[in-house]
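Residues in the sequence shown are numbered consecutively from 3, following the numbering used here.
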Amino acid sequence: MFTIIPETHIDFMGRRRLFFAFSILVTLIGIASFILHGGFRMGIDFAGGRLIEYQFNQSVSIDELRRAADSAGFPQAEIQPAKGRNVAIFRISDVALAEQRGGERTISEKLRGALQEARPGLEVELLREESVGAKVGKEIRGQAFWAILLSLGLLLIYIAFRFDFRFGVGAVIAVFHDVVMTLTLFSLLDREITMPIVAALLTLAGYSINDTIVVYDRIREQVVRLRREPYESVLNISMNQTLSRTLLTGLSSLFASASLLFFGGEVIRDFALAMTFGIVVGTYSSIFIASALVLEMRRAAEARAATAA
Numbered sequence: 003m004f005t006i007i008p009e010t011h012i013d014f015m016g017r018r019r020l021f022f023a024f025s026i027l028v029t030l031i032g033i034a035s036f037i038l039h040g041g042f043r044m045g046i047d048f049a050g051g052r053l054i055e056y057q058f059n060q061s062v063s064i065d066e067l068r069r070a071a072d073s074a075g076f077p078q079a080e081i082q083p084a085k086g087r088n089v090a091i092f093r094i095s096d097v098a099l100a101e102q103r104g105g106e107r108t109i110s111e112k113l114r115g116a117l118q119e120a121r122p123g124l125e126v127e128l129l130r131e132e133s134v135g136a137k138v139g140k141e142i143r144g145q146a147f148w149a150i151l152l153s154l155g156l157l158l159i160y161i162a163f164r165f166d167f168r169f170g171v172g173a174v175i176a177v178f179h180d181v182v183m184t185l186t187l188f189s190l191l192d193r194e195i196t197m198p199i200v201a202a203l204l205t206l207a208g209y210s211i212n213d214t215i216v217v218y219d220r221i222r223e224q225v226v227r228l229r230r231e232p233y234e235s236v237l238n239i240s241m242n243q244t245l246s247r248t249l250l251t252g253l254s255s256l257f258a259s260a261s262l263l264f265f266g267g268e269v270i271r272d273f274a275l276a277m278t279f280g281i282v283v284g285t286y287s288s289i290f291i292a293s294a295l296v297l298e299m300r301r302a303a304e305a306r307a308a309t310a311a
């Protein structure tokens, strides 16, 4: 089999507490960011409202965009200019839409007119316009939550049936770890959580579990072959044997997702960011978290058995 690194003898299990500490630290940072931002920044899909994206033929400052929104009657609109590009996204809540007279059909025209009035000669091209009601957004948010929860539950059942319950718990915690890490990144960057991001998270769950199953399968083989070896040594041997394969899979997937991130355009950028970062943390958790959790649970079970005896 083709390898990118020679045979290794890394003591993964001996360093497991260090990796646990790192993951816990990142999780705490994510919780702090979540609290400071007042929760995740929900996209129109979940929060309800209208999203309008324009492209201009010249640079427009955020102050000009803000004055245009005020002039059009949307002083509470969120405005996100794209860095290095003459593009701006306006997000208008359901409350502001309800207060606006003339109906939703005139909103994009009102904003366009206000922008062109503020700067004569400005060409304004409508790139995207989306609208979701608050009730629908709430329903979608609930469905997205249950979709992620159901996927984790099914993964637990599958791994527990194929290997062992401890393996199932370790795999599900590792996948949950990947989801939390990715959400932490989006919270730190103050990026929106939208339906494509939920799709990316579910995709990452499948990717991460596939990597983890490969490691678990090798552990199951080596437990039979090396039954006289300590369990910790069996885990280390198995992980070193699958390390090259795991890195090859991660790098090939990373190149594809990174290409989408850098060359895929603004519309797909957040999805590609979630995929790219998720592949990195998914590879990390498959190597450093999933099997280490199995060892911790096995030792805890042995300690309980020894105490009971």
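Every residue gets a Cβ at the ideal spot worked out from N, C-alpha and C, and that includes glycine.
In the three-state reduction of the DSSP assignment, Q78 falls in the coil class.
Fewer than three pairs of CB atoms, one per stretch, sit closer than 8 Å, so the region 63 to 82 makes no contact with the region 203 to 221. By the Cβ neighbour-count rule, T10 is exposed, with fewer than 16 other Cβ atoms within 10 Å of its own. DSSP places I239 outside any beta strand (DSSP E); the residue lies instead in the alpha helix (DSSP H), whose first and last residues are Y233 to F265. DSSP, reduced to helix, strand and coil, places E125 outside both helices and strands of the structure shown, so it counts as coil. With 16 or more other Cβ atoms inside 10 Å of its own Cβ, I289 counts as buried. By the C-beta criterion, the region 16 to 30 is judged not to be in contact with the region 116 to 127, since fewer than 3 inter-stretch pairs fall below 8 Å. Under the three-state reduction of DSSP output, I12 falls in the coil class, being neither helix nor strand. Taking C-beta atoms under 8 Å as the contact rule, A84 and F92 fail to qualify, at a distance of about 12 Å. Residue environment: H39 is assigned as exposed (fewer than 16 neighbouring CB atoms within 10 Å of its CB, all protein chains considered).
Judged by DSSP in its simplified three-state form, L228 adopts coil rather than helix or strand. Taking L124 as the centre and dropping the five residues before and after it, the same chain places the C-beta of F58, N59, Q60, V62, L117 and Q118 closer than 8 Å to its C-beta, in chain order.
Judged by DSSP secondary structure, I54 falls within the beta strand (DSSP E) whose first and last residues are G51 to F58. Membership of A84 in any alpha helix (DSSP H) is not indicated, and neither H nor E is assigned to it by DSSP.
The C-alpha of L237 is placed about 10 Å away from the C-alpha of E231.
By the criterion of a C-beta distance shorter than 6 Å, L129 is surrounded in its chain by E55 and Q57, once the five residues flanking it on both sides are discounted. Looking at the DSSP output, E194 bridges to R43. For S261, the closest C-alpha among the options L250, L249, A274 and G252 is that of A274.
Taking A34 as reference, the option from R222, F188 and V89 with the minimal CA-CA separation is F188. Here E234 has M15 and L297 as same chain residues with Cβ atoms under 7 Å from its own Cβ, once five neighbours each way along the sequence are excluded. Here D166 has no same chain residue with a Cβ atom under 7 Å from its own Cβ, once five neighbours each way along the sequence are excluded. Rounded to the nearest whole angstrom, the CA to CA distance from V182 to P122 is 47 Å. Around the C-beta of G280, 16 or more other C-beta atoms lie within 10 Å, and the residue is accordingly described as buried. Taking I175 as the centre and dropping the five residues before and after it, the same chain places the C-beta of L295 closer than 6 Å to its C-beta, in chain order.
The C-beta separation of A71 from L113 comes to about 7 Å, placing the pair in contact by the 8 Å criterion. DSSP, read as helix, strand or coil, puts S288 in helix. Shortest Cα-Cα distance from V282 to any of Q224, S293 and Y209 involves Y209. Put simply, the region 41 to 55 does not touch the region 150 to 160. Fewer than three CB pairs are less than 8 Å apart.
Annotated three-state conformation of I91 is strand, per DSSP.
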